Amino acid sequence: MIKLFVGLGNPGPDYESTRHNAGFWWLDAVARELKTNLSMDKTFHGLLARVNVSGQAVWLLKPQTFMNLSGKSVAALARFFKIEPQEILVAHDELDLAAGEAKLKLGGSHAGHNGLRDIHAQLGTDAYWRLRLGVGHPGLKSEVINWVLKKPSLDHRLAIDQCIARAVTALPNLLVGDMDKAMLLIHTSKPPRPKPPRPETTAL
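For the sequence shown, my numbering gives the first residue as 129, with consecutive numbering after it.
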């Protein structure tokens, strides 16, 4: 089961609506779903909430270290409460997915994402879960920094918000560790198309 939910982003009003803060947006939605509020905890360098689910403590964390030092916050909390890497889920913006798409995966490369890079380094492993929230790609590598630090278009923001809402529906599965079911819910961005009715055959 997931015991620590992390949303990545940059603190402060200047960054609040930028693509790089998609992880924060998702964690806020999770907090609303669990009817809790996050408050600053200097020990763990982030906004933090604790809820009990079926007698188990579950933590919500928004590091306030700025993106490049996200691991400082995540690793401090994980070590203190003895949370294993595979019990951590990190939600973050993903350039390689279109706005409105999301993928859940365990382990793998940080793919140049500075928040994940620091979490890798601080945890000493890549074996934690990631919720990759698509924000699209500007098309040129040189434009990536400007892209993630700008607000998405209205259409893209609506698509991301719908994607976040869909991913929140997988929360009960994430909490009990049914990751296969969670993947099905998160990865299905469109309802399946109904099959056309079979043509009626008439006897000659």
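For glycine and all other residues, C-beta sits at the position ideal for the given N, C-alpha and C.
Source: prediction; values computed, not measured.
Relative to the C-alpha of residue i, which candidate in the options has its C-alpha closest?
i	options	result
ARG207	PHE152, ARG160, LEU251	LEU251
LEU277	ASN165, ALA287, GLY264, LEU286	GLY264
THR171	GLY243, ALA185, GLN192	GLN192
CYS291	VAL134, TRP153, LYS233	TRP153
THR164	VAL179, ASP306, GLY174, LEU175	VAL179
LYS231	GLY305, LEU313, PRO213, GLY243	LEU313
HIS241	ILE211, ASP306, GLY199	GLY199
LEU175	VAL181, GLN184, PHE194	PHE194
LEU155	MET311, LYS309, THR297	THR297
ALA203	LEU223, LYS233, HIS248, LEU234	HIS248
At the level of alpha carbons, what is the spacing between residue i and residue j?
i	j	result
ARG147	LEU205	25 Å
THR330	HIS315	Its pLDDT being 49, under 50, THR330 is placed unreliably in this model, and the coordinates cannot settle the point.
SER237	TRP275	21 Å
MET307	ASP254	17 Å
LYS269	HIS284	20 Å
LEU244	GLY183	30 Å
ILE216	ALA295	16 Å
TYR256	ALA239	15 Å
GLN214	ALA226	26 Å
VAL218	MET311	15 Å
ASP289	GLY140	20 Å
VAL181	LEU282	35 Å
ASN301	ALA293	15 Å
SER201	HIS173	5 Å
I'd like the span of the beta strand (DSSP E) that includes residue i, first residue to last.
i	result
ARG178	174–181
ALA239	ALA239 -> no beta strand (DSSP E), and no H or E assigned at all.
SER201	Note, SER201: premise wrong, no beta strand (DSSP E); alpha helix (DSSP H) at 198–208.
LEU259	257–262
Just reading off the alpha helix (DSSP H) that residue i is part of, what are its end residues?
i	result
HIS315	307–315
ARG147	Per DSSP, ARG147 belongs to no alpha helix (DSSP H) and is neither H nor E.
ASP283	282–296
LEU166	It is not in any alpha helix (DSSP H) - LEU166 carries neither H nor E in the DSSP assignment.
PRO300	299–304
ILE273	272–276
Could you tell me which residues DSSP puts in a beta bridge with residue i?
i	result
LEU132	TRP187, ILE216
ASP221	LEU261
LYS231	ARG260
Considering only their Cβ atoms, is the gap separating residue j from residue i smaller than 8 Å?
i	j	result
ALA150	ASP221	yes
ASP246	LEU197	yes
TYR143	GLY135	no
GLY267	GLY228	no
ALA177	LEU166	yes
ALA159	LEU189	no
LEU303	VAL186	yes
TRP211	LEU162	Residue identity differs from the one stated: residue 211 is Ile in this sequence, not Trp. Not in contact: ILE211 and LEU162 (Cβ atoms no closer than 8 Å).
GLY305	MET129	yes
LYS309	SER145	no
LEU234	VAL272	no
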